[in-house]
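Number of protein chains: 2
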Amino acid sequence: MKWPEFQKLIESRNFGGKISKDDLPTPALVVDLDIFEANLNKMASHLNAAGKGFRPHAKTHKCVEIAEACIRVGAVGTCTAKISEAEVFAASGLSGLLVTTPLVGSWRIERAVALALDKPDTIYCADHPANVDMLSEAAKAAGIELNVAIDLLVGGRTGIEPGKEALQLAQKIDTAANLRFAGIQAFAGPCAHTHGFEARKGASEAAMSLAVDTRILIERSGIGCRWLSGSSTGAYNIDSAIDGVTELQPGSFLFMDIDYAGIGGINNSVEFDDFGFSLSVITTVFSKPSKSVAIVDAGFKAFSTDRPFPPRLKTGDSKYNWAGDEHGRLDLNATDRSVELGDRLEFLAPHCDPTVNLYDSIYGVRGQQLEAVWKIAARGMTT
Amino acid sequence: MKWPEFQKLIESRNFGGKISKDDLPTPALVVDLDIFEANLNKMASHLNAAGKGFRPHAKTHKCVEIAEACIRVGAVGTCTAKISEAEVFAASGLSGLLVTTPLVGSWRIERAVALALDKPDTIYCADHPANVDMLSEAAKAAGIELNVAIDLLVGGRTGIEPGKEALQLAQKIDTAANLRFAGIQAFAGPCAHTHGFEARKGASEAAMSLAVDTRILIERSGIGCRWLSGSSTGAYNIDSAIDGVTELQPGSFLFMDIDYAGIGGINNSVEFDDFGFSLSVITTVFSKPSKSVAIVDAGFKAFSTDRPFPPRLKTGDSKYNWAGDEHGRLDLNATDRSVELGDRLEFLAPHCDPTVNLYDSIYGVRGQQLEAVWKIAARGMTT
Chain A
0 MKWPEFQKLI ESRNFGGKIS KDDLPTPALV VDLDIFEANL NKMASHLNAA GKGFRPHAKT
60 HKCVEIAEAC IRVGAVGTCT AKISEAEVFA ASGLSGLLVT TPLVGSWRIE RAVALALDKP
120 DTIYCADHPA NVDMLSEAAK AAGIELNVAI DLLVGGRTGI EPGKEALQLA QKIDTAANLR
180 FAGIQAFAGP CAHTHGFEAR KGASEAAMSL AVDTRILIER SGIGCRWLSG SSTGAYNIDS
240 AIDGVTELQP GSFLFMDIDY AGIGGINNSV EFDDFGFSLS VITTVFSKPS KSVAIVDAGF
300 KAFSTDRPFP PRLKTGDSKY NWAGDEHGRL DLNATDRSVE LGDRLEFLAP HCDPTVNLYD
360 SIYGVRGQQL EAVWKIAARG MTT
Chain B
0 MKWPEFQKLI ESRNFGGKIS KDDLPTPALV VDLDIFEANL NKMASHLNAA GKGFRPHAKT
60 HKCVEIAEAC IRVGAVGTCT AKISEAEVFA ASGLSGLLVT TPLVGSWRIE RAVALALDKP
120 DTIYCADHPA NVDMLSEAAK AAGIELNVAI DLLVGGRTGI EPGKEALQLA QKIDTAANLR
180 FAGIQAFAGP CAHTHGFEAR KGASEAAMSL AVDTRILIER SGIGCRWLSG SSTGAYNIDS
240 AIDGVTELQP GSFLFMDIDY AGIGGINNSV EFDDFGFSLS VITTVFSKPS KSVAIVDAGF
300 KAFSTDRPFP PRLKTGDSKY NWAGDEHGRL DLNATDRSVE LGDRLEFLAP HCDPTVNLYD
360 SIYGVRGQQL EAVWKIAARG MTT
């Protein structure tokens, strides 16, 4: 297909059956829709059967279309890490937003108040009394009520200490003017990536029991605490069995990545294969400087680099080595595969979230055919 | 300053003297204009004095305004790594474009032809005879001439072997229909980052002598070869002294980063301080989960992660550790500095190019005042 025709079809959004995977300019971020939908349906069914709420984390995908697809299978809303991400989803008409990190900085609070005027069911988090005061003052000045949860430190990065300190913060929120106490946000970051199912189960149960106990403590003090949200792709089938956790917020299960695949699953100690690899990056071999080396057009600006391992071929064994911002180097001595100039090679990403954040669009393919182009609308929404 | 007022001023582009660095939402990518201009002027003066052309690489900054600033101090044009980047600069009216990587894939060649129709002085590179054939056919079909250089393998990633093979490729370009032989593109990647000035000098001179010798070989064969472009920030004052190199294409000198600062300079064996740190990321401490830990709002999506070291404070010694996509963790035990909730901390990036590529805009500040907002127009232009 000629480039102008490709561009015209993409712009017209009328490309059904007319564009193949092989027509996509590279590096191309691609999602296999069959695998993606299977992942989404599996998680939604699992959480539905477990009687847990499902609020997938959009920091992974940053796409309005994907947030909408999650809602269609029963998600109660959408998590974001940043207020700027939440603004994108709100502007697209989505409600049920939860911003999972504390809002510190007057500009952040002002934006949160403005968003809540439009989407009053949005939930924010706080882990510090001074921050609660600022949220209360801002809500009062705007004449609205904000839903504020405590962000609980359960092995993650942010949050107030579980137990007495958390109770005091809940009480402060509960009594603060113009704030409605929403419950508990508890993300146990490191647990999600603990290798080995049993070790991960132990770690996540220990972390989440701090949250469940704090919930009980708050309830016993006379404050309603009906909502406890947390978890991750790695702990989805652990935390979904914990009484007292009311809602899960996984994200990576939609796409999967090399990192998550390595943590081991309940039935497969080597590979965590509960969810399939739906995400990949198609590259082109654009130089063969020698018989044993092929250079692809995807480097630090096409793949996440925060993990201690590089991308790997979706099928086959050619070895990828980083070779710069725009270059990857394949060691052809390490493979029997023949690789020629112009070949298109498909790679799995080391880590899905920061990989998606490098692109403007995700191409949704069904088999070899392009079926959707999703704008990564919240890409670069760092604030 | 209230958020709506900030937004209004930014949108109106009429913020002279009204916005301070402290008003910027974080993480904020900031360039100190005094340092930036000093870096640019120093490089331009150095290359002018050396009698070398200056075509800065825009893969570093991806901003039209910066490419224009380079032209104003004497740059002959703008390098890009990708055809999609070149399209952005061409659409903004810039000419003198050089795409420094081979164009493989029919869609890439079609785009290159379309761009050359608008900007006939654009230079492309090829490192393979089959690719030259494709460029020639496409140019012939469009009824135009393309300027094509050989991409030479001089220790970098792509390119044809120096010497006889390179000569044959030059001859092929020279005789191909609708192609004009432009000269030699020779990027000696690893040399740029060789630690220690003398070691780097040896490495770069060895690499570039292959290019100079190939240039002589081509000239002796009767083909004019008046142009030899290459080099980098690390080798700028090495390659500028090499007879036969006609043009340098550094990029990082505009911003600098922790990586480059560590390679050692001609007068300072520890720090390469020929150019100042103009680029930084302002963050906010948004959680203090304990007395010894502060969490800032900048992680894998705010800083490049391709180097084996994390960001570091612009001034002071607080230790940053990666803590996720949106989080950085400061170890306050490692510092005497008091760090409180809401504090704004400014960090240097490990590697400038992939850091810039994460943001939509660069804030240009003069002292404490915001003076410019540059759109990173070619951000995400990966194809």
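Protein sequences, first through last, are from chains A and B.
Reading the first sequence from the start, the letters are residues 0 to 382 in numbering that gives the first Met the number 0.
Reading the second sequence from the start, the letters are residues 0 to 382 in numbering that gives the first Met the number 0.
Heads up, the beta-carbon is just placed ideally off N, CA and C, and yes, glycines get one too.
Here the structure is a predicted model, which is why all the values come from computation and not from measurement.
query	result
Counted within 10 angstroms of its Cβ, other Cβ atoms place N308/B as buried (16 or more) or exposed	Here the sequence assigns Phe to residue 308/B, which means Asn is not the residue at that position. With fewer than 16 other Cβ atoms within 10 Å, it is exposed.
Three-state class that DSSP yields for W2/A in the structure shown	helix
Buried versus exposed, by CB contacts within 10 Å (16 or more), L116/B	exposed
Residue environment, A377/B, which counts as buried when at least 16 other CB atoms sit within 10 Å	buried
contact_flag[the region 114 to 131 of chain B, the region 86 to 95 of chain B] where n(CB pairs < 8 angstroms) is 3 or more	yes
Helix, strand or coil at S94/A according to DSSP, with G and I counted as helix	coil
Enclosing beta strand (DSSP E) for Q184/B [first to last residue]	L178 to A185
Residues of its chain near I108/A, where Cβ-Cβ distance is below 7 angstroms and the 5 sequence neighbours each way are ignored	L102, M133, L134 and A137
Contact list for L96/B against chain A, beta-carbon separation under 7 angstroms	Those within 7 angstroms of L96/B in chain A number zero; the least Cβ separation is about 16 angstroms.
Member of S360/A, E36/A, M255/A and G158/A whose CA lies at the smallest distance from the CA of W373/A	S360/A
Short Cβ contact (8 angstroms threshold) for M255/B with C351/B	yes
Any chain B beta carbon closer than 8 angstroms to S286/A	yes
For V75/A, the first and last residue of its enclosing beta strand (DSSP E)	It is not in any beta strand (DSSP E) - V75/A carries neither H nor E in the DSSP assignment.
Cβ-Cβ separation, P24/B to A297/B (assumed contact under 8 angstroms), whole Å	Their Cβ separation, rounded to whole angstroms, is 12 angstroms, which puts A297/B and P24/B out of contact at 8 angstroms.
Classification of G104/B by the beta-carbon crowding that lies within 10 angstroms, buried from 16 upward	buried
Under the three-state DSSP convention, the category A234/A falls into	coil
Cβ shell of S337/A (< 8 angstroms), same chain only, five flanking positions each side left out	none
Cα-Cα separation, L166/A to K58/B	51 angstroms
beta-carbon T283/B near the ligand GTP non-hydrogen atom, thresh 7 angstroms	This structure lacks the ligand GTP; in fact it carries no ligand of any kind.
Exposed unless 16 or more other CB atoms sit within 10 angstroms - verdict on G229/A	buried
Cβ-Cβ separation, D238/B to S277/B (assumed contact under 8 angstroms), whole Å	Contact flag wrong, Cβ pair sits at about 22 angstroms.
When N332/B, A66/B, F14/B and T77/B are compared against E246/B, the one with the closest alpha-carbon	T77/B
Within-8 angstroms CB hit, K1/A to chain B	yes
Reference A181/A, options T382/A, R199/A and N146/A, closest by Cα	N146/A
Three-state secondary structure assigned by DSSP to I265/A	coil
Beta-carbon separation (whole angstroms), I183/A vs A210/A, contact threshold 8 angstroms	6 angstroms
Any C-beta of chain A under 8 angstroms from that of V153/B	no
Residue-chain proximity (W106/B, chain A), Cβ-Cβ < 8 angstroms	yes
Exposure of V269/B, with buried meaning 16 or more beta-carbon neighbours within 10 Å	exposed
Check whether V112/B and F88/B have beta carbons under 8 angstroms apart	no
Residue from P3/A, K290/A and D21/A with nearest C-alpha to V364/A	D21/A
Coil, strand or helix - H194/B by DSSP	coil
CA nearest to the CA of G250/A, picked from A66/A, P310/A and V280/A	A66/A
Inter-residue Cα distance where the pair is E144/A and L114/A	12 angstroms
F252/B: contacting residues in chain D (beta-carbon distance under 9 angstroms)	In the structure shown, chain D cannot be found, because the protein chains are A and B.
G155/A burial status per 10 Å Cβ neighbour count (16 or more: buried)	buried
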